[in-house]
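Chains as they are written, first to last, in this note's numbering: chain A, 1 to 201; chain B, 202 to 402.
2 protein chains.
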Amino acid sequence: MSRRKEYTPQQLKELILSNAERIIAQHGRAGLTARALAETIHYSPGTIYNVYEDMNALMVDVNYETLGRLQAYCQQKIATLPADFSRVSGLAYAYADFARENLRAWEAIYAPSRKMEHDNAPALPEYYQQRLADIFLMVENTLIDCLKLPQPTASSSARLLWACLHGITVLNLNGTLGLVGVEQPHAMIDDLLTQYLARYL
Amino acid sequence: MSRRKEYTPQQLKELILSNAERIIAQHGRAGLTARALAETIHYSPGTIYNVYEDMNALMVDVNYETLGRLQAYCQQKIATLPADFSRVSGLAYAYADFARENLRAWEAIYAPSRKMEHDNAPALPEYYQQRLADIFLMVENTLIDCLKLPQPTASSSARLLWACLHGITVLNLNGTLGLVGVEQPHAMIDDLLTQYLARYL
DNA sequence: CAAAATATTGAACATTGTTCAATAGAAAAG
DNA sequence: CTTTTCTATTGAACAATGTTCAATATTTTG
Chain A
1 MSRRKEYTPQ QLKELILSNA ERIIAQHGRA GLTARALAET IHYSPGTIYN VYEDMNALMV
61 DVNYETLGRL QAYCQQKIAT LPADFSRVSG LAYAYADFAR ENLRAWEAIY APSRKMEHDN
121 APALPEYYQQ RLADIFLMVE NTLIDCLKLP QPTASSSARL LWACLHGITV LNLNGTLGLV
181 GVEQPHAMID DLLTQYLARY L
Chain B
202 MSRRKEYTPQ QLKELILSNA ERIIAQHGRA GLTARALAET IHYSPGTIYN VYEDMNALMV
262 DVNYETLGRL QAYCQQKIAT LPADFSRVSG LAYAYADFAR ENLRAWEAIY APSRKMEHDN
322 APALPEYYQQ RLADIFLMVE NTLIDCLKLP QPTASSSARL LWACLHGITV LNLNGTLGLV
382 GVEQPHAMID DLLTQYLARY L
């Protein structure tokens with residue numbers, strides 16, 4: 001069996017990746033099984049393993065794409081905002097909004113690898129880490145451009161704010177804070193930014 | 202088969218729970234399988250299902266215990282500290298330190314339920330949510346006692362700081378921030394607290 | 001056209017969570 | 001003490017998972 005002319009290896013990989021993304025958007029990480037994915041693309045489970053080392057490797061690619069969409073989403077959101085505090089808060093809102101609008105894909109980024117293998121956490125590839133670094137840089141530059149933070153401060157503040165933003169988003173989406181309402185995250189973000197960045201406003 | 206005199210139902214539940222905690226501490230959530238647990242207590246897998254609805258119900262109890270230990274850990278750490286800013290930062294350090302020292306148990310709290318069941322997120326029981334509320338109250342009262350925050354402010358600030366703390370801890374432990382060093386979390390916490398709470402210092 | 005290369009398969013294996021009829025042993029009844 | 005009832009415990013069985021790999025169908029090459 002073979003369908004050599006159907007797809008180039010490249011196209012096949014993209015077919016697998018895009019369908020994996022679609023399944024995750026609909027049913028979350030838990031819904032992405034080798035068999036379910038194989039069925040949607042009309043291949044057998046084994047084929048997936050010819051393209052990806054294992055399901056985790058596929059997840060890395062999926063998450064990489066998600067990060068890319070997150071970055072694009074943020075950039076698009078802040079593009080029209082003036083270079084002042086409103087752009088900083090717009091960027092922060094964008095993170096929270098993206099997580100809400102792409103809940104299952106966003107959750108998958110932080111979902112632990114399924115394999116137990118009693119300890120090993122596989123290191124993330126270079127290009128993946130580079131994209132993370134790019135995102136941090138976006139935050140850092142926004143702080144510099146809009147609030148005139150000095151370089152070294154901007155770098156550490158960007159990381160801190162990103163982490164806080166992440167925590168706010170996680171706990172709001174999983175209900176730990178015991179509150180509901182879509183406006184809650186934005187109110188918390190406002191509070192964080194105005195207090196933490198008070199010196200620069 | 203039966204060992205009626207070996208353990209009361211209560212004792213058997215405690216035996217299961219305590220051994221589940223030990224396995225998680227050693228091998229993480231992924232290492233806690235029904236069969237592995239059954240083996241350590243010299244029972245069969247089926248017995249676990251006579252005591253707990255399913256493995257997720259057991260995880261809820263494990264996480265409940267972890268939260269209890271977290272709370273006790275925090276209270277013990279701040280007990281000797283003066284009622285000023287040092288107690289606030291001591292409490293924040295305690296959270297980060299507990300997560301590091303009890304990494305696998307702490308991770309398990311936020312690990313998603315294994316079952317896919319294409320959407321349902323089982324609500325956490327009342328007593329579990331109560332313990333979470335107690336922890337928030339501890340933070341809230343610390344802010345009031347040490348920094349004289351007014352009531353309504355203290356409540357929302359406690360939740361915000363808790364969320365930020367969580368984000369800082371998550372991203373540091375999973376390496377997203379691309380930095381190492383045990384002192385990193387403490388430095389970030391210092392930065393967060395001194396800036397966010399500047400008005401009250 | 002035959003031969004070599006290769007893309008694809010799908011059955012098979014190990015491990016999960018989970019169920020439940022069967023049963024071994026204790027408790028109750030006689 | 002024997003018989004009956006009850007119940008705690010079992011462990012085989014089922015479905016679903018990730019993963020492997022010899023077999024095979026198809027293309028490419030000689």
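From the three backbone atoms N, C-alpha and C, an ideal C-beta is built for every residue, glycine too. None of these values were measured; they are calculated from a predicted model.
Annotation: the segment 116 to 185 of chain A contains the following complete segments of the alpha helix (DSSP H) (minimum length 4 residues), in chain order: 126 to 147 and 151 to 173. Judged by DSSP in its simplified three-state form, A:L32 adopts coil rather than helix or strand.
Taking all protein chains in view, the Cβ of A:T194 is surrounded by fewer than 16 other Cβ atoms within 10 Å, so the residue is classified as exposed. By the neighbour-count criterion, in which 16 or more other beta carbons inside 10 Å mark a residue as buried, A:N50 falls on the exposed side. Within 8 Å of the CB of A:C164, the CB atoms of chain B belong to A364, C365, G368, I369 and L393, in sequence order along the chain. The beta carbon of B:L402 is closer than 8 Å to those of F286, L348 and T395 in its chain, skipping five residues each way along the sequence. With a threshold of 8 Å between beta carbons, A:M55 makes no contact with chain B. B:R332 and A:L32 have their alpha carbons spaced roughly 34 Å apart. Contact check for A:T8 against A:V88 fails: the beta carbons are separated by 8 Å or more.
Within chain A, the residues whose beta carbon sits less than 7 Å from that of B:R360 are L177, listed in sequence order. Taking a cut-off of 8 Å on C-beta distances, the segment 18 to 35 of chain A touches the segment 101 to 110 of chain A, as three or more cross pairs fall below it.
Cβ-Cβ distances below 6 Å link B:E341 to A355, S356 and A359 in the same chain, with the five nearest sequence neighbours on each side left out; the list follows chain order. Interface with chain B (8 Å Cβ-Cβ cutoff): A:P150 is excluded. Look at A:N102 here: in three-state DSSP terms it is coil, with no helix or strand label. Exposure of B:E327 is indicated by the presence of fewer than 16 other C-beta atoms within 10 angstroms of its C-beta. For the segment 327 to 352 of chain B, the set of residues with a beta-carbon nearer than 9 Å to any beta-carbon of chain A comprises Q330, L333, A334 and F337, in chain order. When Cβ pairs closer than 8 Å are counted between the two stretches, the segment 74 to 83 of chain A is seen not to touch the segment 180 to 194 of chain A, the count staying below three. In the structure shown, B:L398 falls within a coil segment according to DSSP collapsed to helix, strand and coil. Less than 8 Å separates the beta-carbon of B:I279 from that of B:G291. In this structure, the alpha-carbon of A:I16 lies about 7 Å from that of A:I48. B:L380 places its beta carbon 8 Å or farther from that of B:A293. Think of a sphere of 8 Å around the beta carbon of A:A111: the chain B residues whose beta carbon falls inside it are P313, in chain order.
Interface flag for B:S357 against chain A is set, since a Cβ pair is found closer than 8 Å.
Here A:A34 really is in contact with A:P45; their C-beta atoms are around 4 Å apart, less than 8 Å. Around the beta carbon of B:L271, a 10 Å sphere encloses 16 or more other beta carbons of the protein chains shown; the residue is thus reported as buried. The distance from the Cβ of A:G167 to that of B:I369 is about 7 Å, consistent with a contact at the 8 Å cut-off.
Listed along the chain, the chain B residues whose CB falls inside 9 Å of the CB of A:M59 amount to none; the nearest CB is some 14 Å away. Any Cβ of chain A closer than 8 Å to the Cβ of B:L292 would place that residue at the interface, and such an atom is absent. Boundaries of the alpha helix (DSSP H) harbouring B:P246: P246 to V252, taken from the DSSP string. Residues of the same chain with a CB within less than 6 Å of the CB of A:I144, apart from the 5 flanking positions on each side, are A154 in chain order. At a C-beta separation below 9 Å, A:Q195 has these neighbours in chain B: S358, L361, Q396, Y397, L398, A399 and R400.
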